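Numbering (this note's numbering), first residue to last: -10 to 333.
Structure first, commentary second.
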C-alpha cells in the first residue's frame, strides 16, 4: 500500500480508503456489525488501509460505532473521516424518511458543534482527522459563518482538517468552484469522479489547483456505480432494493459498450484496479473510496495501489476516448446543483 499526505498537515493516508456506507446503511446488502468490524480490521491489518470514511447519517451513527468497535485501542493507527450536516436527531423527519431520501440539513454553529460532539462520542475519540460538510448546497457555500465554525473547531483541536462533500448525485460544479474561491484554506473535497464520468470532477480539480493550494480530493463512486468493476453484461438484472435497478436500461447497455473500449488497460491488472490507477494519476487525489462489499473485492482494490502506474500512452488514450464519449451516443448526462455560473 502506498500513502499520500493531506497538504499542510501530518495526516498520511492510504491511496485506497474504505467508505463505510456499504457496511452500515443496508443500501448495498445487509451486513451485521460483527461482519463489518471483521472487514474493517482486515482492511487495516492485512492490506494497510488506514483511511476510513463515514458520516453521522450512515445508519444514524452506525458507521461511526462500527469504526470505534473495530479500532478500539488502535486510534493512532487509523484516520477517521466523517461528515455532518443532516439532522439525524429530528425524529419526525426520520420517521417520514423513505429509502435514500435526504433528511433536512442544518449548518448553524450550535448544531455543527453539537453534531461533532456526537460524532466524537460514537467514534470514541477526542478528535476527528477529517471533517466534511455533507452534501452542501450553494447557500451553504456562501455562508462564511459555516466555514468560520470549522476553523474554530480546528483551532480547538476537535478536527485536524476540514472540507466538503458534494452530492448525493453527480454535478455541483460551481458549488465546488466557488467554495475554492471563497475559502482558499479548505483542506479537502469529496466528489464523484471516474474514468467514465470525468465531468465536472476535472473542473473541480482545476479550480482547487488555481485557488486553494492545500485542497486535496478524496474520490467516491470510483467505479461509476459498479460499471468499472467489469462484472456487468447487457443481461445483468439488479436486485429490487438496488438503486441501479431504477436507472434507464440504456445506462447499463451503453456502459458495457464503453467499458469494452478500455480493454487495453487490463494487461497487468483488472479493470477495477485500472480505474483506481487512473484516479491516482492525479496528484491532488489523496485517496480513493471504492465501494467494498466483500473480502474478495477488498483484496482486489487494495492491491491496486501496488500495481504499475498507467503509462502516459494509456492516459492519453483514455483522454481521446473520453472526448468521443467512448464511441457511444447516449443520452446527455443529468447533473444536480449549479452547472452554470451564477453570481451574487
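Where a beta carbon is used, it is the ideal one built from N, C-alpha and C, also for glycine.
For clarity, every value in this text was computed on a predicted model and none was experimentally measured.
Under the three-state DSSP convention, the category residue i falls into
i, result
"residue 177", "strand"
"residue 278", "strand"
"residue 150", "strand"
"residue 50", "coil"
"residue 108", "helix"
"residue 33", "helix"
"residue 301", "helix"
"residue 273", "coil"
"residue 257", "coil"
"residue 331", "coil"
"residue 21", "coil"
"residue 398", "Given a span of -10 to 333 for the chain in the structure shown, any question on residue 398 remains unanswerable."
"residue 102", "helix"
Whether residue i touches residue j by CB criterion (9 Å)
i, j, result
"residue 105", "residue 73", "yes"
"residue 280", "residue 211", "yes"
"residue 223", "residue 241", "yes"
"residue 119", "residue 150", "yes"
"residue 147", "residue 100", "no"
"residue 34", "residue 8", "no"
"residue 275", "residue -7", "yes"
"residue 53", "residue 111", "yes"
Nonlocal neighbours in the same chain, by C-beta distance under 6 Å from residue i, ignoring five residues either side
i, result
"residue 345", "The chain is shown from -10 up to 333; residue 345 falls before or after that span and cannot be answered."
"residue 161", "155 and 326"
"residue 172", "136"
"residue 310", "250"
Same chain, Cβ closer than 7 Å to residue i, five either side skipped, listed in chain order
i, result
"residue 26", "55, 58 and 59"
"residue 216", "185, 244 and 248"
"residue 261", "212, 217, 218, 219, 289 and 290"
"residue 11", "17, 280, 281 and 282"
"residue 214", "233"
Interface flag, residue i vs chain D, CB-CB below 9 Å
i, result
"residue 164", "The chain labelled as chain D is not found in the depicted structure, where only one protein chain is given."
Close-in-space but distant-in-sequence residues of the same chain around residue i (CB under 8 Å, 5 per side omitted)
i, result
"residue 77", "45, 46, 49, 50, 83 and 92"
Near the ligand MG: residue i beta-carbon under 8 Å from a heavy atom
i, result
"residue 58", "The ligand MG is absent from the structure shown, which contains no ligand whatsoever."
- Message: When you compare the segment 157 to 174 with the segment 111 to 131, are there three or more beta-carbon pairs, one atom per stretch, that lie closer than 8 Å?
- Response: yes
- Message: Taking contact to mean 3 or more Cβ pairs, one atom from each stretch, closer than 8 Å, check whether the segment 292 to 299 and the segment 229 to 238 are in contact.
- Response: No, the segment 292 to 299 is not in contact with the segment 229 to 238.
- Only counting runs of 3 or more residues, tell me where the beta strand (DSSP E) segments fall wholly within the segment 156 to 228, in order along the chain. Fully enclosed beta strand (DSSP E) runs of 3 or longer: 177 to 181 and 205 to 209.
- Item | Complete beta strand (DSSP E) runs within the segment 61 to 85 (minimum length 3 residues, chain order) | 68 to 73
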